[in-house]
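Report on the following structure.
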Amino acid sequence: MKPHNAEKTCWNCPAAVFKGNVDFRACGQSMEEIKSVEEGMIVIECARRPELGHFEPTITFEQCPEWVLFQYGLMLKNMKVMILGIDGYLGWTLALKLGRLGFKVSGIDNFLRRDCVMEKGAHTIVPIERMTERLHAAKEVLGVNINFRRIDIQDRSKLKEFMEEVKPEAIVHYAEIPSAPYSMVDCDHAVKVQENNVLGTLGLLFLIKEVVPETCLIKLGTMGEYGSPLTGRPLFEGMFPADAVMVWDNREWSLGGELTPRDPVSFYHVSKVQDTFNVYEACKYWWLRSYDVMQGVIYGVHTDEVAADPRLRTRLDVDEWFGTVMNRFVTQAILEMPLTIYGTGEQIRGFIALEDAMECMARLIVSPPEPGQYDVVNQVSGLHKLNVLAETVAKVAGTFGSDIKIQKLENPRVEADRHPFEAVSRKLPHVFGFTPKVSLEKEITRMFELLMQPDIKKRIEEKVHLIMPRTRWDGFKKVSDVLEVYEPGTREDMGYKPRLDRGQEKVEVEPELKT
Amino acid sequence: MRSSIPEISSVSWSSIITGKNPGEHNIYGFTELIPGTYTLSFPHFAKLKSPPFWSQEGTFVIINVPSTYPAAPLNGFLVSGFISPDLERAVHPPEYIDTLKAFNYKIDVDTKKARKSPMLLFKELFEALESRMKVCHYFWEKIDWDVFMVVFTGSDRLEHFLWHAYEDETHEYHTKFLEFFTRVDGCIQEIGESLRKSDSLIMLSDHGMEGTTFNVNVNCYLEEKGFLTGGKDPKRGYNNIQKGTKAFALDPGRIYINKKGKYPSGCIDHEEEEGLLHELVDTFTSLEKDGEKVIKKVYSKDEIYHGQYIGCAPDLVLLPRKGFNLKGGITPESVFDTDVLSGKHTQEDAFLYGKSNTHVPENPSVEDVVPLLKRIMGW
Chain B
0 MKPHNAEKTC
10 WNCPAAVFKG
20 NVDFRACGQS
30 MEEIKSVEEG
40 MIVIECARRP
50 ELGHFEPTIT
60 FEQCPEWVLF
70 QYGLMLKNMK
80 VMILGIDGYL
90 GWTLALKLGR
100 LGFKVSGIDN
110 FLRRDCVMEK
120 GAHTIVPIER
130 MTERLHAAKE
140 VLGVNINFRR
150 IDIQDRSKLK
160 EFMEEVKPEA
170 IVHYAEIPSA
180 PYSMVDCDHA
190 VKVQENNVLG
200 TLGLLFLIKE
210 VVPETCLIKL
220 GTMGEYGSPL
230 TGRPLFEGMF
240 PADAVMVWDN
250 REWSLGGELT
260 PRDPVSFYHV
270 SKVQDTFNVY
280 EACKYWWLRS
290 YDVMQGVIYG
300 VHTDEVAADP
310 RLRTRLDVDE
320 WFGTVMNRFV
330 TQAILEMPLT
340 IYGTGEQIRG
350 FIALEDAMEC
360 MARLIVSPPE
370 PGQYDVVNQV
380 SGLHKLNVLA
390 ETVAKVAGTF
400 GSDIKIQKLE
410 NPRVEADRHP
420 FEAVSRKLPH
430 VFGFTPKVSL
440 EKEITRMFEL
450 LMQPDIKKRI
460 EEKVHLIMPR
470 TRWDGFKKVS
480 DVLEVYEPGT
490 REDMGYKPRL
500 DRGQEKVEVE
510 PELKT
Chain W
0 MRSSIPEISS
10 VSWSSIITGK
20 NPGEHNIYGF
30 TELIPGTYTL
40 SFPHFAKLKS
50 PPFWSQEGTF
60 VIINVPSTYP
70 AAPLNGFLVS
80 GFISPDLERA
90 VHPPEYIDTL
100 KAFNYKIDVD
110 TKKARKSPML
120 LFKELFEALE
130 SRMKVCHYFW
140 EKIDWDVFMV
150 VFTGSDRLEH
160 FLWHAYEDET
170 HEYHTKFLEF
180 FTRVDGCIQE
190 IGESLRKSDS
200 LIMLSDHGME
210 GTTFNVNVNC
220 YLEEKGFLTG
230 GKDPKRGYNN
240 IQKGTKAFAL
250 DPGRIYINKK
260 GKYPSGCIDH
270 EEEEGLLHEL
280 VDTFTSLEKD
290 GEKVIKKVYS
300 KDEIYHGQYI
310 GCAPDLVLLP
320 RKGFNLKGGI
330 TPESVFDTDV
340 LSGKHTQEDA
350 FLYGKSNTHV
360 PENPSVEDVV
370 PLLKRIMGW
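Quick note, the sequences are listed as chains B and W, same order.
In terms of numbering that gives the first Met the number 0, the first sequence has 436 at position 437, counting the first letter as 1, and numbering is strictly consecutive.
In terms of numbering that gives the first Met the number 0, the second sequence has 15 at position 16, counting the first letter as 1, and numbering is strictly consecutive.
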């Protein structure tokens, strides 16, 4: 069986440098880089194989000797990937993984995440090293060289200089403030989040156009951009499918290819939606290419690379601003505190384990879109109702000898806490060949094993007062009232059932890695 | 003057500047396949296997000769013509790049703009011509040259797009069409008036022009007759050619046998070739549109090519009759179609002019230009 990206061509390859169009019918040429086959024959050069001269972008990855088989399909030899926000929870983990897979990794960070967490008096409960030590350990333990620069994404002149030096063939954009509660603290925090995220991304788009228009931007969005429509309308992957139809007033219109509605639920989520539009437009105006990754709630601590040495661990935040729900549940369980759910706890969200998310990113990086193509991937491996998730964590905690309760809090957020939820995630299995490898229980167990280590448990205890939510969407500052405390297994699962649509066809898996 | 076969600029100019047959200079078209693949490539100057006349002793100014990109070192100055994807590598020596930019030098009209509107076409044509003349005047004085060569390509572009406006005196762009040629005449006059007494002048075109009505998509015809099996995926191009394909065409009417061992899906053994060639000749000579024959002549490669690179030559080359414009390309859907272009090249009525002392031969071909130049220059 062929790798998922075998049939892609130079058309998709970042090494293809577009040189314009020729029009033999009129003995003419155009220096405009209109990257559409409808506009005349396209001429490219290959940055990797200059001996080929000028040619049509029709060579498949499978045919090209620069694309070689690896664990997740075919990869461009020594492909240069730049990670923006490389010091973060995801950025650092991905850097190590890609480095280990043979990518040439570079990255920037201004340590804003460390500053934001410190500003709120919190800290990462898994201790992490300073960047200098991280880079040293990556080289020493994994043999991975990372080209790092301390640069703020909004410092466009420095970022431009670095991009010109590296000429990345893919850019992974994690350099955003990833917190809904942080954006809801007050005006200054909302402005800070939107300024960093929206303007940072907008500036980046201009730099890509100018410096590396052939690169693929893999931009982290969030499933939260869609909201959770009470109608139960499926959350398609960014755009309506070809056969979607709108009916109104006895008339009918096709919705195929149109962006689906977005319904963000915080000023942070609004920043992500604004990014979506900016990236979408840039692809349209300038023939850039991008995957906008609508990632589910991320959780977990494990990849083989971060687990290879304590100095390589990635951060893990559990405070009310930066702690995602699963990471918070496990922490509460370790301290034998009740697991806190908001309102009914029947909110349904998409989830993905850290290790699976990193595999998805590797697969996206080696399977770039076409010039001008903006595409959206819903990156989830499962959907879970939060109260059911709490039950699962409590169950795993039981295997570690803990007896955990679940506690309903007054919901500090303005959101529906009981709603239908159907998410479509067909591209990961059917386009990118991904199947989830990590079960909930497996990753929760790994988290317990790591977080119960005495030094880490002590760090959790030091910041236990920062776990409970005090940031409310209505602007009032107060700790949420407790509505109910109950034993796991004593409540019937009520209401809506999550539905994850991964398509009907058989999911292809990668061929055995040839040596 | 007889043009090259096929009668397209890359081939004819390669013969004009080398004095050689395509079998010797190795340029058979604007396109070729990367060896061992079906990937279409665009041969550049390094693929030219015979030296151009400017490799002789002397100082040269060479402006806008097609198929000379990327610019190779020479004694003098060169700016390449169509196809030149960028100015940076189209100029030698490179220190003149800024000079050309200062003149707003246009390598060619932008055909994409030309397709949008005739007004834009004329704007592009006049701008390109004026910038070319500025560069001509500059280097005429700047360099103490022995041979100065400039190619005006605008007339070709204009005739491709608006031949019908030329033929129809009532057409809204007829006058403008003639106005452009008047300006070209003016440019020639400027050059003529700058000649020193001892200078010789040669003028030539690389092909003639006539009206056309139909495009003939040769690969569609091959498919219709069962010689070609391939999808029409523009992203895969010729790479979509399937096993079982006996022959395929490259622009404009170059026919290649899908030989075993030469192409990835090649299936024709050497002993099958002759029979297949006869079959193809019969197939093409019988092609008709509304009762009218389409193909004037089918040449075999041995008939028209000679030289050490004949192995890369097409097996057959088609010459169309008036009104038909042959097209390669793997994606068109029907054998006959039309587009906005109304003019096409002709093979037999290019022209060659020399001042009385230049001894233009009888019935010349594009391969006779260099020998003529050699006689003048005493090389």
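Virtual Cβ for every residue (Gly too), placed ideally from N, Cα, C.
All of these numbers come straight from a predicted model, not from anything done at the bench.
Is the CB-CB distance between residue i and residue j below 7 Å?
i: residue 351 of chain B; j: residue 385 of chain B; result: no
i: residue 313 of chain B; j: residue 357 of chain B; result: no
i: residue 322 of chain W; j: residue 228 of chain W; result: no
i: residue 78 of chain B; j: residue 168 of chain B; result: yes
i: residue 145 of chain B; j: residue 158 of chain B; result: no
i: residue 124 of chain W; j: residue 179 of chain W; result: yes
i: residue 19 of chain B; j: residue 84 of chain W; result: yes
To the nearest angstrom, how far is it from the Cα of residue i to the Cα of residue j?
i: residue 13 of chain B; j: residue 163 of chain B; result: 15 Å
i: residue 211 of chain B; j: residue 166 of chain B; result: 6 Å
i: residue 136 of chain B; j: residue 100 of chain B; result: 17 Å
i: residue 57 of chain W; j: residue 373 of chain W; result: 12 Å
i: residue 91 of chain W; j: residue 239 of chain W; result: 39 Å
i: residue 238 of chain B; j: residue 86 of chain W; result: 40 Å
i: residue 104 of chain W; j: residue 351 of chain W; result: 27 Å
i: residue 15 of chain W; j: residue 113 of chain W; result: 28 Å
i: residue 286 of chain B; j: residue 56 of chain B; result: 15 Å
i: residue 368 of chain B; j: residue 209 of chain B; result: 19 Å
i: residue 389 of chain B; j: residue 222 of chain B; result: 20 Å
i: residue 95 of chain W; j: residue 77 of chain W; result: 9 Å
i: residue 2 of chain W; j: residue 162 of chain W; result: 20 Å
i: residue 267 of chain W; j: residue 261 of chain W; result: 10 Å
i: residue 370 of chain B; j: residue 363 of chain W; result: 48 Å
i: residue 85 of chain B; j: residue 59 of chain W; result: 55 Å
i: residue 52 of chain B; j: residue 214 of chain B; result: 21 Å
i: residue 272 of chain W; j: residue 324 of chain W; result: 27 Å
i: residue 76 of chain B; j: residue 139 of chain B; result: 23 Å
i: residue 248 of chain B; j: residue 235 of chain B; result: 24 Å
i: residue 22 of chain W; j: residue 502 of chain B; result: 56 Å
i: residue 171 of chain W; j: residue 164 of chain W; result: 7 Å
i: residue 281 of chain B; j: residue 131 of chain W; result: 36 Å
i: residue 310 of chain W; j: residue 202 of chain B; result: 53 Å
i: residue 204 of chain W; j: residue 102 of chain W; result: 26 Å
Enumerate in chain order the residues of its own chain whose CB-to-CB distance from residue i is below 8 Å, with the five nearest sequence positions on each side excluded.
i: residue 219 of chain W; result: 331, 332, 333, 334
i: residue 305 of chain B; result: 91, 92, 95, 311, 312, 313
i: residue 263 of chain B; result: 223, 224, 226, 269, 271, 272
Tell me which same chain residues have a C-beta within less than 6 Å of the C-beta of residue i, skipping the five on either side of it?
i: residue 369 of chain W; result: 18, 52
i: residue 88 of chain B; result: 313, 314
i: residue 299 of chain B; result: 352, 353, 442
i: residue 506 of chain B; result: Interpretation of residue 506 of chain B is limited by its pLDDT of 46, a score under 50 that renders its predicted location unreliable; no figure is taken from the coordinates.
Return the Cβ separation of residue i and residue j in integer angstroms, given the expectation that the two are a contact with Cβ distance under 8 Å.
i: residue 227 of chain B; j: residue 347 of chain B; result: 7 Å
i: residue 207 of chain W; j: residue 344 of chain W; result: 7 Å
i: residue 318 of chain W; j: residue 295 of chain W; result: 5 Å
i: residue 25 of chain W; j: residue 39 of chain W; result: Contact flag wrong, Cβ pair sits at about 17 Å.
i: residue 233 of chain B; j: residue 382 of chain B; result: That belief does not hold up - the Cβ atoms of residue 233 of chain B and residue 382 of chain B are roughly 12 Å apart, past 8 Å.
i: residue 50 of chain B; j: residue 310 of chain B; result: Going by Cβ atoms, the distance from residue 50 of chain B to residue 310 of chain B rounds to 43 Å, so no, they are not a contact pair.
i: residue 16 of chain B; j: residue 44 of chain B; result: 5 Å
i: residue 330 of chain B; j: residue 443 of chain B; result: About 12 Å; that fails the 8 Å criterion.
i: residue 303 of chain W; j: residue 4 of chain W; result: 5 Å
List the residues of chain A that residue i touches, going by C-beta distances under 8 Å, in chain order.
i: residue 108 of chain W; result: No chain A appears in this structure, whose protein chains are B and W.
For residue i, which residues in the same chain have their Cβ closer than 7 Å to its Cβ, ignoring the five residues on either side in sequence?
i: residue 159 of chain W; result: 340, 342
Any heavy atom of the ligand FMN closer than 6 Å to the Cβ of residue i?
i: residue 182 of chain B; result: Questions concerning the ligand FMN fall outside what the structure shown contains, since it holds no ligand whatsoever.
The segment 308-342 of chain B: positions lying closer than 7 Å to chain W by Cβ = none
Under 8 Å (Cβ pairs) to chain B, residues found in the segment 38-55 of chain W = 38, 39, 40, 41, 42, 43, 45, 46
inquiry  = Taking beta-carbon pairs under 8 Å, can you tell me which members of the segment 227-238 of chain W lie near chain B?
reply    = 233, 234, 235, 236, 237, 238
request  = With 8 Å as the limit, tell me which residues of the segment 73-89 of chain W have their beta carbon closer than that to any beta carbon of chain B; keep them in chain order.
outcome  = 81, 82, 83, 84, 85
task = Check each residue of the segment 249-260 of chain W: if its Cβ is closer than 9 Å to any Cβ of chain B, include it; give the result in chain order.
result = 250, 251
query = Of all the residues that make up the segment 72-85 of chain B, which are near chain W by a beta-carbon distance shorter than 9 Å?
reply = none
request  = Could you list the residues in the segment 47-75 of chain B with a C-beta less than 9 Å from some C-beta on chain W, going in chain order?
outcome  = 51, 52, 53, 54, 55, 56, 57, 58, 59, 62
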